[in-house]
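Q:
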Amino acid sequence: LLLLVVLPESPAFLALKGRGQRQIRKSLLRIEPSAQISKSCRFTVDKVAETDKSAIRLIFTSAYRRKSIVLAVAYFMGLLVTYLLANWLPVLTRDAGFNMGQGVVLLTAYTLAGPVGGIILGTIMDRSKPAIVVSISFALVAVLLCTISFAPKGMIVISALICLLGLFLHGTNSALNALASSSFPVESGSTGV
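Reminder that position 59 of the sequence shown reads as 75 in the working numbering, one-by-one numbering, no gaps.
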């Protein structure tokens with residue numbers, strides 16, 4: 017509810033709707049205070065050709081259908097692995113010979129590494145192709161999952177691997193939000209996500 021009040025609409029969405037020129041200028045100046053934006057400047061966004069379609073129908077047109085399906089599968093699989101690990105990690109660590117306290121430390125490392133991963137991957141995505149970053153990161157998650165299953169059962173090694181797993185898995189799930197929102201036209205970006 018707080019976000020409804022304090023989170024502004026995106027400048028692109030406001031420009032698309034043809035309203036909020038003052039609000040767009042204000043938002044852009046919050047991002048870059050030193051920007052020189054004339055009060056007479058008008059912000060516009062080109063609409064996609066199929067403007068008669070609803071946002072949900074637009075993301076399933078031939079131009080966006082493949083992206084929609086691939087993103088849906090990536091979201092589903094990423095979250096499936098995330099929740100399975102979060103729920104089963106205590107049991108798996110106990111069965112691997114770790115005590116309850118060590119299991120909690122491993123689960124905490126797995127969880128807390130996520131926000132760090134989101135920041136790191138977001139920074140990398142700003143400098144390269146986001147889809148490639150997300151793909152490589154998911155591939156690293158798969159490698160880490162396999163590595164953990166064969167790794168020596170020492171607490172230091174497992175902690176490092178679990179931390180990396182949390183970093184890449186949670187970070188990639190967060191990165192998917194940015195990738196999805198930029199994969200669709202402005203008028204259907206939130207629907208795409």
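In this text, a Cβ means the ideal position worked out from N, Cα and C, and glycines have one as well.
These figures come from a predicted structure and were not determined experimentally.
In whole angstroms, what is the alpha-carbon distance linking residue 168 and residue 206?
A: Near 44 Å, if we compare the C-alpha coordinates of residue 206 and residue 168.
Q: Determine whether the beta carbon atoms of residue 183 and residue 138 lie at a separation below 8 Å.
A: Taking 8 Å as the Cβ cut-off, residue 183 and residue 138 do not qualify as a contacting pair.
Q: My understanding is that residue 23 touches residue 61, with C-beta atoms under 8 Å, so please give their C-beta distance in whole angstroms.
A: Actually they do not touch by this definition, with Cβ atoms about 19 Å apart.
Q: Enumerate, from N- to C-terminal direction, the unbroken alpha helix (DSSP H) stretches of 4 or more residues contained entirely within the stretch 72 to 125.
A: 81 to 111, all fully within the stretch 72 to 125.
Q: Using C-beta distances below 7 Å, list every residue in its chain close to residue 202, excluding the 5 sequence neighbours before and after it, in chain order.
A: Hits under 7 Å: 28, 29, 32, 61.
Q: Output yes or no for whether 8 Å exceeds the beta carbon distance between residue 160 and residue 180.
A: Yes; because the gap between Cβ atoms is below 8 Å, this pair is in contact.
Q: Can you tell me where the alpha helix (DSSP H) with residue 163 in it begins and where it stops?
A: Segment 146 to 166, the alpha helix (DSSP H) holding residue 163.
Q: Which of helix, strand or coil does DSSP assign to residue 200?
A: DSSP places residue 200 in coil when its eight states are reduced to three.
Q: State the Cα-Cα distance for the pair residue 107 and residue 151, rounded to the nearest angstrom.
A: Those two C-alpha atoms are separated by around 29 Å.
Q: Residue 192 and residue 99: beta carbons closer than 8 Å?
A: Against a cut-off of 8 Å, the Cβ pair of residue 99 and residue 192 comes out as no contact.
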